[in-house]
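**Student:**
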Amino acid sequence: MWISQGFVHGNHTGKKLEDIGKAYLADLVNSGFFQHVGRHRLYSNSFVMHDLMHDLAREVSRADFATIDGTECKEILPTTRHLSVVTHFAYSIDQHGNAISCENFKRKLLLVTSLKKLRSLVLIGNSGPTFFKCFQNMFKEAASLRLLQISATTYADIGCFISYLVSCTHIRYIKLNSYGMRCELPQALSNFFHLQVLDVNTYADPTLPTGMNNLVHLQHLVAKEDVHSTIDRIGKMTSLQELPIFRVQNACGFDIKQLKFMNQLVKLGIYQLENVKSKRDASEARLIDKGHLEALCFLWDSDSTSLGISAETATEVLEGLKPHQNLKHLQIIGYSGYISPSWFSTGLSVTSLQLLHLENCKEWRVLPSLEKLPFLKKLKLINICHVKELGIPCLEELVLTDLPSLEKCVATFKRELDFHLRVLIIENCYELKVFTPFELQNLCSSEVEQRPWRLSLEDTSAEFSSAEAAQKKWLSGLRVLKIHGCPRLMLLHPLPPAENTQVSVQPLLTYPALEKNSNDLSVMSSKELRVLDAKILAFQNLTDVTSLHIGHCPNLVFLSFEGFRQLLNLRKMVIVSCGNLVSSCIVPGVSETWNATNYPAFPRLGHLKIESCGGIAGKWLTEMLPHMQSLEELDIEDCPQMKSISIHRPRQEVETGRLASQAVLPRLAQDEFGLYIPLNILSTLEKLHIRRCPGMQLYGSKEGYGGFTSLTELVITGCPMLLSSADERFSLPPSVPDLHIEFLPRRLQPYFPENTSIRFLLVHESPDLQYLNLHFCTALQELQIHNCRQLAVLEDMQYLSSLRILSIEMNPELSASWVRKCQEVEEGSSHARLLPPLLGKLSIRHLQDDLAPYLLAHLPFLRSLVVLNSPNLIFLQLGCLATLKNLWIEDCRSLTSLQGSLSYLEVCFCDSQNLTSLQLGSLAALKDLTVYSCDWLTPLETLPSLGNLTDLAIYDCRSIAPLLELLSRQPEGFSIFPQLERLYVDDSSALATSFCKHLTSLRYLRITDSDVICFTDEQEKALQLLTSLQDLSFLGFLNLIDLPAVLHSLHSLKKLDVKGCPRISRLPEKGLPPSLELVAIERCSEELQEQCRMLTTGKLKVQIYNYG
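full-length UniProt numbering numbers the first residue of the sequence shown as 1 and each following residue consecutively.
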């Protein structure tokens, strides 16, 4: 922009105007006029001006700069040189997509009398033919216009505007930020002979007019990279600086000679080099003359060898493409030659090279000596099959991918490389054995083989300190380390090399898999790993780690307490499938001197999970727990070797605070399989989960679980012996609000203290349980009982005055027992209620007709009822439930009638094709109806009578189209769902005119359909009938290519959601309605995201989300 206005002046140093302009910008930043705010996804850098500085600049330049805003049009002075016109609030869009202008705004435009000095015009917002007619007379005087920018224009006839209203005499810069258009640039553009910049955005794919090669002064064409390759005789455009893709063709106007005189090029990509037949033809490009060229890409088609292109021909062609010595970035892709060209092998012709990228050069056998490239910073070698040895100079980035024959990499300047290397990626180099940056200095191979990382447990403090000192110098600047598919590579340094290094390493010859990202660390999948110490992990560089996962290391026996003590921020540790962690691996003499209170190994660990460690012994965990003085959550899963758990307070532990004193340690050692909970855990532990430990039993104090003074959640599942052995020791601390238990014995009476605060109780998977008494659980709020097939007695439920939620699976014995109790109450022989009267939600499985009327009659305050898996239930009388608001019915195949007053009904009938007479007509008060998995929807033909319905959701119902057609066959004048405001469907066939014409109150529509590719004309017409629609969501349209073209006609629409629609690449051609206030895009194409970003205004907000 600055250059087009003549603000940037050349000098005699030979610098390009772009470089001089960058220097201007740097001076303005240093002077405080602009502030650097970092990178933007569309631009390399972004700058802002402070509000006060902006106000001052506007005041000083008020005679030269002006803005016409649709809401506030100020007088335009004749001296105005730079004009911005904002039309967001000045125009609206009619149902045909035409811009309707505000008359006041149009009158303001007509008052602009003189634009003789106008040099810049920026148009922002919706505009149309009427708008351009207002400008027609104005532009007759704007003969000095140099810059034109049209942003977010949807409906304007851009071609006409450029063709007839813009003078092509002086214009230097044109930028078209148009969205929702198949951009076809006008033929008149080929006459803009002085144009220097044409910007239609990098995501746009415009159709260029013929004669584009007339623009001999064009320096920058900003569009999709492949657009440039469509220009015939592009060689005439000698001022062009970027030609990212030039496809060599055997056709006049597209041959490689076109590049001969394009000496201003800074970036060049030459594709389809298989069409160049000789060195002489290649030299016609005269790359040697292009002193400004910085980035160059050579590309042969991937199947060029199958086209008969010999290796010798490819070598000759590459020899003839000798570049200028100023070249900085070089890419060679698809080269089929065996050797390097002379200009590359000597290095003398590319001494300025900073980046080298070689890819799919499968036959290249000997690479040139890279030490001859003194400025080389980045090296990428991808899919080069025959290279066996590589010399590595001092680099900042090294990428080696798919080099199957590579055996050896030697760093020429190892010390410098350790300091400068920032990115190291090695993938699928299966034969790589020697990588000298990974080796220890002065360490012979015999010493490597005898390293004690596998077998020795002698990890002294002196050795630990030595490893830490050596680590500080090795690859200290590395930020990204990725090693995958290199099974023969040996790594002799601990990881990560620095605190902020991201690491992803798959198993190596002497190293486990390791992932380090942000604050998470995982060590995985190694059969060789026996000791996790300072030879594997650089603990001093892991102080920011908060989560550690150790998994699938079956021979791991020892964790270094000395190292883990440095993980000061470690909050969570998960150990999975490491079955050989045993206490015998503690270094002799250490346990007697380590005081767990004053010298804990895990000072801040709050969550420990041990899972699927089949061989792990309880004694190892017993010795670990005293070092976890902040432990709040303990999970033990699938550990069959743990045979017992004992909760006690040894006197020695109280007195000394040690893990196990000399008096206690021998006694603990006698039981390798017992888990002892130490004193420090009793006071801090809040959650205890023990799952699938079938042999575990409870021993120790009669106080049992009551010793946990802070416990708030206890989960015991898959441990039948743990509960059956508990006997009287199954006492709970008063603080426990949540309890999950299973495999209860026949008549277990858990001891709940009278002051128990338990609020949630889950009893499940207890096939032997027959009797359960909850007399003291007066604080209980939610009770769930599932899969207790013999439970026949559930005592004292009437005392649970706080119970609000009950989920229960009935069985014949319990049903019969409840029926008898209900009958006794009705007969007057008993006054004990079956359930507490204040119960608000009941979820019941296997409900029978004989129990249903008795049960529901005693729940006067029930608001939510869920009936599941009751295939024999025929009749459900809801009239007695005066407060019932929500009903969910699932898999009740024999149900034929519902009666009552409801506001919410959720129905799920799986495979219920025999259900043909379900009547909903009596539910006249129903407001919210959700239907799931009803393949046979004829029973819902009474829906039209639900005149108060406001919310309707229909999911996974294959016959939705016939149902909607049936609903639409109503007498003339009869309105279906007159109050329906929200509709959710997963079938686009719901968009039928016969149905949508009735939805006059619909405000919210969410629709999903993974199969539809495009909307039919009928569906688009149906969408237009939703005149009250304010919120529209398209979700999970995996194959949809285009959004409905009629979106612009939804005049009430305020919010548009498009989520999970990856194939939509553009907005509708006629754009979106001006009433929109929010557009939300999630998991969609990059092209659609970029277009939507341009919509942002003061009125319209755009939110874009991307996950994983």
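All C-beta atoms in this analysis are idealised placements derived from N, C-alpha and C, irrespective of residue type, glycine included.
Using a Cβ-Cβ cutoff of less than 8 Å, which residues in the same chain neighbour G551 once the five nearest sequence positions on both sides are dropped?
**Tutor:** For the purposes of this step, residue 551 is taken as residue 551 along the sequence shown, with counting starting at 1. Here the set comprises S522, V523, M524, S525, V574, I575, V576, S577, C578.
**Student:** So, helix, strand or coil for S644, using DSSP?
**Tutor:** As a position in the sequence shown, residue 644 is number 644, starting the count at 1. Strand, per DSSP.
**Student:** Given that a residue counts as buried once 16 or more other Cβ atoms are within 10 Å of its Cβ, and exposed if not, what is H627?
**Tutor:** Numbered from 1 along the sequence shown, position 627 holds the residue referred to as residue 627. Answer is buried; the Cβ neighbour count reaches 16.
**Student:** Report the option in I874, R845, W620 whose CA atom is closest to the CA atom of V867.
**Tutor:** The residue labelled residue 867 in the question sits at position 867 within the sequence shown. Taking only the C-alpha atoms, the option nearest V867 is R845.
**Student:** For A882, count neighbouring Cβ atoms within 10 angstroms of its own Cβ and tell me buried if that reaches 16, exposed if not.
**Tutor:** Residue mapping note: residue 882 aligns to position 882 of the sequence shown, counting from 1. With fewer than 16 Cβ atoms within 10 Å of its Cβ, A882 is classed as exposed.
**Student:** Tell me whether N872 is buried or exposed, calling it buried when 16 or more other Cβ atoms sit within 10 Å of its Cβ.
**Tutor:** Reading the sequence shown from its first residue, position 872 is the one you call residue 872. By the 10 Å Cβ count, N872 comes out exposed.
**Student:** So A57 is in the beta strand (DSSP E); what residue range does that whole segment cover?
**Tutor:** Locating residue 57 in the sequence shown gives position 57, counting from the first residue. First-last for A57: 51-60, but that is the alpha helix (DSSP H), not the beta strand (DSSP E).
**Student:** In three-state terms, what does DSSP make of K22?
**Tutor:** As a first step, residue 22 is located in the sequence shown; it is residue number 22 there, counting from the start. Looking at K22 - three-state DSSP - the assignment turns out to be helix.
**Student:** Applying the criterion that 16 or more other CB atoms from any shown protein chain within 10 Å of the CB defines a buried residue, is P733 buried or exposed?
**Tutor:** Looking up residue 733 in the sequence shown gives position 733. The residue in question, P733, is buried, as its Cβ has 16 or more Cβ neighbours within 10 Å.
**Student:** Is the separation between the beta-carbon of Q1030 and that of L1056 shorter than 8 Å?
**Tutor:** Translated into the one-based positions of the sequence shown, residue 1030 becomes position 1030. Translated into the one-based positions of the sequence shown, residue 1056 becomes position 1056. Against a cut-off of 8 Å, the Cβ pair of L1056 and Q1030 comes out as no contact.
**Student:** Is S757 helix, strand or coil when you go by DSSP?
**Tutor:** Here residue 757 refers to the residue found at position 757 of the sequence shown. Here S757 sits in coil by DSSP.
**Student:** When DSSP labels each residue in this structure, what does Y854 get in the three-state scheme?
**Tutor:** Translated into positions along the sequence shown, residue 854 becomes position 854. Correct three-state label for Y854: helix.
**Student:** Restricting to Cα atoms, I'd like to know which of R81, P186, L980 is closest to S114.
**Tutor:** As a first step, residue 114 is located in the sequence shown; it is residue number 114 there, counting from the start. Taking only the C-alpha atoms, the option nearest S114 is R81.
**Student:** Whose C-alpha, out of N886, C880, L902, L876, is nearest the C-alpha of L895?
**Tutor:** Translated into the one-based positions of the sequence shown, residue 895 becomes position 895. Ranking N886, C880, L902, L876 by Cα distance to L895 puts L876 first.
**Student:** So what's K378 in DSSP terms, helix, strand or just coil?
**Tutor:** Here the question's residue 378 lines up with position 378 in the sequence shown. The answer is strand: DSSP assigns K378 an E or B state.
**Student:** Quick check on this structure: which residue in H54, N541, V276 has the alpha carbon closest to the alpha carbon of Q249?
**Tutor:** Residue mapping note: residue 249 aligns to position 249 of the sequence shown, counting from 1. The option with the nearest alpha carbon to Q249 is V276.
**Student:** Report yes if the CB atom of S644 is closer than 8 Å to the CB atom of Q697, and no otherwise.
**Tutor:** Your numbering for residue 644 matches position 644 in the sequence shown. Your numbering for residue 697 matches position 697 in the sequence shown. Cβ atoms of S644 and Q697: closer than 8 Å.
**Student:** Which runs of the alpha helix (DSSP H) fall wholly inside the region 293-323 and span at least 4 residues, in chain order?
**Tutor:** List check, alpha helix (DSSP H) in window: 311-320.
**Student:** Helix or strand or just coil, what does DSSP make of D289?
**Tutor:** Here residue 289 refers to the residue found at position 289 of the sequence shown. DSSP places D289 in helix when its eight states are reduced to three.
**Student:** Tell me which same chain residues have a C-beta within less than 7 Å of the C-beta of V1102, skipping the five on either side of it?
**Tutor:** By one-based count along the sequence shown, residue 1102 stands at place 1102. Counting only Cβ-Cβ distances below 7 Å, and skipping sequence neighbours, we find V1079, C1092, R1093, L1095, T1096.
**Student:** If contacts are defined as beta-carbon pairs under 8 Å, then G291 and K260 qualify, I think. What distance do you get, rounded to the angstrom?
**Tutor:** Sequence index remark: in the sequence shown, residue 291 carries index 291 (1-based). Sequence index remark: in the sequence shown, residue 260 carries index 260 (1-based). 15 Å between Cβ atoms; not a contact.
**Student:** Just grab the DSSP bridge partners of R845 for me.
**Tutor:** Stepping through the sequence shown from its first residue, residue 845 is reached at position 845. Answer is E809, L868, bridged to R845.
**Student:** What is the residue span of the beta strand (DSSP E) that S547 lies within?
**Tutor:** Within the sequence shown, residue 547 is the residue found at index 547, counting from 1. Run containing S547: 547-551, per the beta strand (DSSP E) assignment.
**Student:** Applying the criterion that 16 or more other CB atoms from any shown protein chain within 10 Å of the CB defines a buried residue, is K527 buried or exposed?
**Tutor:** Counting from one through the sequence shown, the residue named residue 527 turns up at place 527. Classification for K527: exposed.
**Student:** Here's the rule I'm using: 16 or more other beta-carbon atoms within 10 Å means buried, otherwise exposed. How should Q1089 be labelled?
**Tutor:** Here residue 1089 corresponds to residue number 1089 of the sequence shown, with the count starting at 1. Buried, since its Cβ has 16 or more Cβ neighbours within 10 Å.
**Student:** Out of P78, V122, Q848, which has the shortest C-alpha to C-alpha gap to K116?
**Tutor:** One-based indexing of the sequence shown puts residue 116 at position 116. It is P78.
**Student:** Candidates F776, T717, R804: which alpha carbon is nearest V763's?
**Tutor:** Start at 1 with the first residue of the sequence shown, and residue 763 comes out as number 763. Comparing Cα-Cα distances from V763 to each of F776, T717, R804, the minimum goes to T717.
**Student:** Of the residues F776, L403, G32, F995, which one's Cα is nearest the Cα of S802?
**Tutor:** Your numbering for residue 802 matches position 802 in the sequence shown. Checked all of F776, L403, G32, F995; the closest Cα to S802 is F776.
**Student:** Can you find the residues in the same chain that come closer than 6 Å, C-beta to C-beta, to Y338, ignoring five residues on each side of it along the sequence?
**Tutor:** By one-based count along the sequence shown, residue 338 stands at place 338. Excluding sequence neighbours, Y338 sits near A311, E363, R365.
**Student:** Taking only runs of the beta strand (DSSP E) that begin and end inside the region 1015-1043, which ones reach a length of at least 3 residues, in chain order?
**Tutor:** Here the runs fully enclosed are 1031-1035.
**Student:** Taking the alpha-carbon of I960 as reference, which of S933, I976, N948, D951 has the nearest alpha-carbon?
**Tutor:** For this step, residue 960 is matched to residue 960 along the sequence shown. Nearest of S933, I976, N948, D951 to I960, Cα basis: S933.
**Student:** Can you give me the start and stop residues for the alpha helix (DSSP H) that Q506 sits inside?
**Tutor:** For the purposes of this step, residue 506 is taken as the residue at position 506 of the sequence shown. Premise fails: Q506 is in no alpha helix (DSSP H) and is neither H nor E.
**Student:** Please check the pair F760 and E782, which I expect to be a contact at CB under 8 Å, by giving their CB distance rounded to whole angstroms.
**Tutor:** Translated into the one-based positions of the sequence shown, residue 760 becomes position 760. Translated into the one-based positions of the sequence shown, residue 782 becomes position 782. Confirmed, about 5 Å.
**Student:** Determine the burial state of P978: buried for a count of at least 16 other Cβ atoms within 10 Å of its Cβ, exposed for fewer.
**Tutor:** What you label residue 978 is simply residue 978 of the sequence shown in a count that begins at 1. Exposed, since its Cβ has fewer than 16 Cβ neighbours within 10 Å.
**Student:** Taking L581 as the reference, which of I610, S547, L605, D951 has the closest Cα?
**Tutor:** The count along the sequence shown starts at 1 and reaches residue 581 at position 581. The option with the nearest alpha carbon to L581 is I610.
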